[in-house]
Amino acid sequence: MHQGHMQSNVQIHDENEDGDVFEGDEVQSWMTNEGDANYECEYCGAYFWFEERVDKKYKNKKPVFTLCCGRGKIKLPNPKEPPSILKDLLFGSGAKSKHFRENIRTYNSIFSFTSMGGKVDVSVNKTKGPRTFRLSGQNYYQIGSLLPPEGSSPKFTQLYIYDTENEVNNRINAIRLA
Numbered sequence: 001m002h003q004g005h006m007q008s009n010v011q012i013h014d015e016n017e018d019g020d021v022f023e024g025d026e027v028q029s030w031m032t033n034e035g036d037a038n039y040e041c042e043y044c045g046a047y048f049w050f051e052e053r054v055d056k057k058y059k060n061k062k063p064v065f066t067l068c069c070g071r072g073k074i075k076l077p078n079p080k081e082p083p084s085i086l087k088d089l090l091f092g093s094g095a096k097s098k099h100f101r102e103n104i105r106t107y108n109s110i111f112s113f114t115s116m117g118g119k120v121d122v123s124v125n126k127t128k129g130p131r132t133f134r135l136s137g138q139n140y141y142q143i144g145s146l147l148p149p150e151g152s153s154p155k156f157t158q159l160y161i162y163d164t165e166n167e168v169n170n171r172i173n174a175i176r177l178a
């Protein structure tokens, strides 16, 4: 992948603190493509972009990165090998594997029971580094009704309440609609 910059006009749907909704306002958005993360941490093997190096005033050929393991100070166990069926879906070249990778978020959502909530402050994302957020007050999990509203399709936890045959059909339909 190559590096580059691109400008685009984006239609937004947003809400201010008072709950007023703004739809259709056009804003300019800049996207930057930094290419592939081709630099590897010598301690843990994590991949980085050149601009994520510690000492930015030097353009050395072997940059140092600390966002991952802190120069080997943090030791994590190697991840376990996924089951063969999942490994094939993640890394295979067949049609099923391609479909799975293209819809992986939908598959993940199917097994989601709750969603996290709280007063989220994203202002901490003004610096370089991994995307983070700060919660103010209490962290909580939201879980919906065990039964969908009349006329609505079941989703999330509701899928586990229906009979098995119906549950399987609901999951298949969720993937088809993705």
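Sequential numbering of the sequence shown, starting at 1, is according to full-length UniProt numbering.
Using N, Cα and C, we set each Cβ at its ideal position, and we do this for glycine too.
Option nearest residue i by Cα separation, candidates the options
i	options	result
asparagine 33	Gly118, Lys56, Phe50	Phe50
valine 122	Arg134, Lys128, Pro154	Arg134
valine 168	Tyr107, Gly144, Gln138	Tyr107
threonine 157	Glu150, Pro149, Ser145	Ser145
isoleucine 143	Lys126, Ile85, Arg101, Met116	Met116
threonine 132	Asn103, Arg101, Leu67	Leu67
lysine 62	Cys41, Leu76, Lys75	Cys41
residue 184	Gly129, Glu165, Glu150, Pro154	As shown, the chain starts at 1 and ends at 178. That puts residue 184 outside it, with no answer to give.
Three-state class that DSSP yields for residue i in the structure shown
i	result
aspartate 88	helix
asparagine 170	helix
tyrosine 58	coil
serine 109	helix
asparagine 38	coil
valine 124	helix
serine 115	strand
phenylalanine 48	strand
arginine 53	coil
Exposure label - residue i; buried when at least 16 CB within 10 Å
i	result
phenylalanine 65	buried
leucine 89	buried
glutamate 52	buried
proline 79	exposed
arginine 176	exposed
Span separating the alpha-carbon of residue i from that of residue j
i	j	result
serine 152	asparagine 170	12 Å
glycine 92	lysine 98	8 Å
tyrosine 141	tyrosine 39	37 Å
glycine 72	glutamate 81	23 Å
asparagine 103	glycine 118	27 Å
tyrosine 43	proline 83	27 Å
lysine 126	asparagine 166	46 Å
proline 77	leucine 147	40 Å
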